[in-house]
Amino acid sequence: MAPSRAIFATARRALRHSHPTTTIPAQRRCISAFGYEQAKCLAIDKLGEPKDVLRLHGHSISPPHGDLLTVRFLASPINPADVNQIQGVYPTKPTFTTNLGSSEPIAVCGNEGVAEVIAKGGGVKGIERGDWVIMKKQGFGTWRTHAQTTADNLTVIKNKDGLKPEQVGTVSVNPMTAYRMLKDFVQLKPGEWFIQNGANSGVGRAAIQLAKLWGYKSINIVRERESGMQEMKDELKNLGADVVVTDKEVESRGFRDQVKDFTDGGREPIRLALNCVGGSIVNAMAKHLASGSHVVTYGAMSKQPVSLPTGLLIFKDIHFDGYWVSRWSNENPAAKEACVSEVLDLTRQGKFADIPMDPVKWEHNTKQDELVHAVQGTLEGYRSGKGIFPLLKPTQMELPLMRLYIHFPGKPFRKALFLLRRIGSGIDISLYFNSKEIRLADHKTPDINYSLSLSL
Numbered sequence: 009m010a011p012s013r014a015i016f017a018t019a020r021r022a023l024r025h026s027h028p029t030t031t032i033p034a035q036r037r038c039i040s041a042f043g044y045e046q047a048k049c050l051a052i053d054k055l056g057e058p059k060d061v062l063r064l065h066g067h068s069i070s071p072p073h074g075d076l077l078t079v080r081f082l083a084s085p086i087n088p089a090d091v092n093q094i095q096g097v098y099p100t101k102p103t104f105t106t107n108l109g110s111s112e113p114i115a116v117c118g119n120e121g122v123a124e125v126i127a128k129g130g131g132v133k134g135i136e137r138g139d140w141v142i143m144k145k146q147g148f149g150t151w152r153t154h155a156q157t158t159a160d161n162l163t164v165i166k167n168k169d170g171l172k173p174e175q176v177g178t179v180s181v182n183p184m185t186a187y188r189m190l191k192d193f194v195q196l197k198p199g200e201w202f203i204q205n206g207a208n209s210g211v212g213r214a215a216i217q218l219a220k221l222w223g224y225k226s227i228n229i230v231r232e233r234e235s236g237m238q239e240m241k242d243e244l245k246n247l248g249a250d251v252v253v254t255d256k257e258v259e260s261r262g263f264r265d266q267v268k269d270f271t272d273g274g275r276e277p278i279r280l281a282l283n284c285v286g287g288s289i290v291n292a293m294a295k296h297l298a299s300g301s302h303v304v305t306y307g308a309m310s311k312q313p314v315s316l317p318t319g320l321l322i323f324k325d326i327h328f329d330g331y332w333v334s335r336w337s338n339e340n341p342a343a344k345e346a347c348v349s350e351v352l353d354l355t356r357q358g359k360f361a362d363i364p365m366d367p368v369k370w371e372h373n374t375k376q377d378e379l380v381h382a383v384q385g386t387l388e389g390y391r392s393g394k395g396i397f398p399l400l401k402p403t404q405m406e407l408p409l410m411r412l413y414i415h416f417p418g419k420p421f422r423k424a425l426f427l428l429r430r431i432g433s434g435i436d437i438s439l440y441f442n443s444k445e446i447r448l449a450d451h452k453t454p455d456i457n458y459s460l461s462l463s464l
């Protein structure tokens with residue numbers, strides 16, 4: 009009998025004896041024999057509505073070699089741009105491939121997230137197991153449990169202390185968009201104003217907080233709603249908003265006088281407007297801008313065009329600009345890394361608050377319908393927070409441990425665990441027993457952070 013078969017046969021015989029349930033620290037890993045990670049991803053084989061085209065696809069990832077790394081995703085948000093990309097109405101399209109074990113080309117969706125390096129090839133330098141990483145560019149495909157890639161596609165989070173995966177996983181889009189729009193179009197001075205719609209969005213909340221830290225003042229517009237309006241205003245003011253008004257208030261006749269009151273009779277100029285809505289509200293905001301100001305558009309939630317009054321262009325020299333964070337990130341990787349580091353430092357210090365989140369837990373047995381429903385709902389009505397997939401987080405679990413009798417006298421479980429460690433140090437293995445996943449770990453032995461299992 010071949011050595012590997014002999015080991016597996018011994019393990020089969022050993023697993024006939026049980027051991028009482030014990031609470032142990034476990035980092036869930038789905039690993040098959042010979043070190044192949046069992047991965048899942050939300051993917052499409054054609055463009056369309058998420059509910060019609062998204063599928064949960066399972067595949068295997070071989071052990072990394074050379075310059076390859078294997079990463080396990082910790083948190084991946086659901087952004088409106090992700091849904092637009094699936095629908096085929098976004099400027100960039102998903103990358104389709106047959107490298108994930110599918111008969112037809114598929115594309116993994118999602119553009120933002122944080123992952124942990126769990127294995128690397130011998131040629132990888134500058135990244136270690138346990139490092140947290142984010143994606144350098146759009147289009148990586150982050151709605152998945154695991155991925156294999158090279159270091160040039162990743163940015164290492166140099167200091168993850170004091171941070172949660174959800175905070176790191178959402179830093180690349182919304183905070184970056186707010187940061188660059190506040191800095192790159194107008195050189196605002198402390199005490200000067202900007203005005204924005206969509207103020208309760210992820211970008212809007214980030215802009216409020218960064219502006220407060222930098223000494224800028226803000227007029228923040230939110231959509232009128234039937235309930236919870238005052239709570240929303242209070243929440244944004246607690247983040248640092250100076251003024252919070254509804255879209256209907258902004259378009260009312262008396263708002264011009266209110267703006268004069270806000271800005272010391274107009275002596276404190278409003279020099280920047282941030283727009284993610286479109287339609288008539290943009291014109292209403294632009295009317296209150298000082299000469300030479302900028303209106304920066306980064307979204308179109310209303311799906312209405314931006315109206316450009318001729319008089320503002322000619323007589324007030326108002327500039328209308330567009331901003332796309334994906335293009336900026338691709339063209340400025342070093343600046344992006346610096347911005348990410350700065351925002352995460354503020355987060356760590358308690359100066360930059362998390363956005364409200366609506367987590368959709370993604371575990372090994374999570375059903376496809378639950379994940380697809382979360383994606384489809386991103387653009388439908390009010391949400392309690394940003395949709396995000398927390399993936400396979402390490403937890404404290406109660407697991408049935410198997411007492412392994414492998415013909416050793418004395419302490420059979422300890423001896424067997426030692427044997428499994430020796431096996432595992434050469435080949436990452438995982439154990440499935442009677443269709444149930446069994447994970448063994450020994451927190452007293454630091455080098456055992458995975459355990460074996462076979463399909464028996």
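Each residue of the sequence shown is one higher than the one before, starting from 9 at the first, in our numbering.
Glycine included, each C-beta is placed from N, C-alpha and C at the ideal position.
Whether residue i touches residue j by CB criterion (8 Å)
i      : j      : result
Val303 : Ala294 : yes
Ser84  : Met184 : no
Thr150 : Asn182 : no
Ala361 : Leu247 : yes
Asn161 : Lys144 : yes
Gln114 : His154 : A small fix is needed here, since residue 114 is Ile in this sequence, not Gln. No; because the gap between Cβ atoms is not below 8 Å, this pair is not in contact.
Pro58  : Val380 : yes
Val351 : Ser315 : no
Phe193 : Tyr224 : no
Lys245 : Val253 : no
Ser226 : Asp255 : no
CB-CB length for residue i against residue j, believed under 8 Å
i      : j      : result
Ile94  : Ile396 : Contact doesn't hold; Cβ gap of about 17 Å is too wide.
Gly129 : Gly74  : 5 Å
Gly274 : Ser310 : Between Ser310 and Gly274 the Cβ distance is about 29 Å, and since that is not below 8 Å, they are no contact.
Cys284 : Gly206 : 4 Å
Asn228 : Gly210 : No, Asn228 and Gly210 are not in contact; Cβ-Cβ is about 14 Å, not under 8 Å.
Thr157 : Val79  : 7 Å
Alpha-carbon spacing of residue i relative to residue j, whole angstroms
i      : j      : result
Thr355 : Gln217 : 11 Å
Leu221 : Glu371 : 38 Å
Asp53  : Val97  : 16 Å
Val333 : Leu62  : 25 Å
Asn167 : Leu387 : 34 Å
Pro277 : Glu200 : 6 Å
Ala123 : Thr374 : 19 Å
Val176 : Ser70  : 27 Å
Pro88  : Val116 : 16 Å
Pro99  : Gly319 : 31 Å
Ser443 : Lys369 : Bear in mind that the predicted position of Ser443 carries a pLDDT of just 36, short of 50, making it unreliable; the figure below should be weighed with that in mind. Computed Cα separation, rounded: 22 Å.
Met240 : Asp60  : 34 Å
Glu257 : Gln204 : 14 Å
Glu7   : Val348 : Since the first residue shown for the chain is 9 and the last is 464, residue 7 is missing from the structure and cannot be characterised.
Asp90  : Phe104 : 15 Å
Gly109 : Arg279 : 53 Å
Ser12  : Tyr187 : Here the model assigns Ser12 a pLDDT of 46, short of 50, so the residue's position is not dependable, and the following value carries that caveat. Cα to Cα, the separation comes out at about 55 Å.
Cys38  : Asp366 : Residue confidence for Cys38 is low, a pLDDT of 46 falling below 50, so the modelled location carries little weight; the figure read from the coordinates is stated next. Cα-Cα distance, rounded: 26 Å.
DSSP three-state assignment for residue i, whether helix, strand or coil
i      : result
Gln146 : coil
His381 : helix
Pro364 : coil
Pro341 : helix
Val91  : helix
Val116 : strand
Gly287 : strand
Leu50  : strand
Asp272 : coil
Leu387 : helix
Ser84  : strand
Phe328 : strand
Arg37  : Interpretation of Arg37 is limited by its pLDDT of 45, a score under 50 that renders its predicted location unreliable; no figure is taken from the coordinates.
Lys133 : coil
Trp336 : helix
Gln266 : helix
Glu45  : strand
Ala281 : strand
Residue of the options minimising C-alpha distance to residue i
i      : options                        : result
Ile326 : Ala281, Ser180, Ser299, Ala308 : Ser299
Ala219 : Gln195, Glu234, Val230, Ser235 : Gln195
Glu45  : Arg152, Asp272, Asp265         : Arg152
Glu174 : Asn205, Asp265, Ile142, Gly147 : Ile142
Ser68  : Ala249, Leu55, Lys101, Cys49   : Cys49
Val179 : Gly393, Ala382, Gly358, Lys344 : Lys344
Ile126 : Leu77, Asp329, Gly109, Val164  : Leu77
His296 : Asp329, Ala308, Gly262         : Gly262
Glu136 : Ile165, Asp265, Gly307         : Ile165
Gly330 : Asp265, Gln238, Met189         : Met189
Gln357 : Gly170, Phe328, Leu282, Gln238 : Gly170
Pro341 : Gly121, Gln312, Gly138, Gln146 : Gln146
Pro140 : Asp272, Ile363, Tyr306, Phe81  : Checking the sequence, you will find Trp at residue 140 rather than Pro. Of the candidates Asp272, Ile363, Tyr306, Phe81, the one whose C-alpha sits nearest the C-alpha of Trp140 is Phe81.
Ile363 : Pro72, Ala281, Ala214, Ala308  : Ala214
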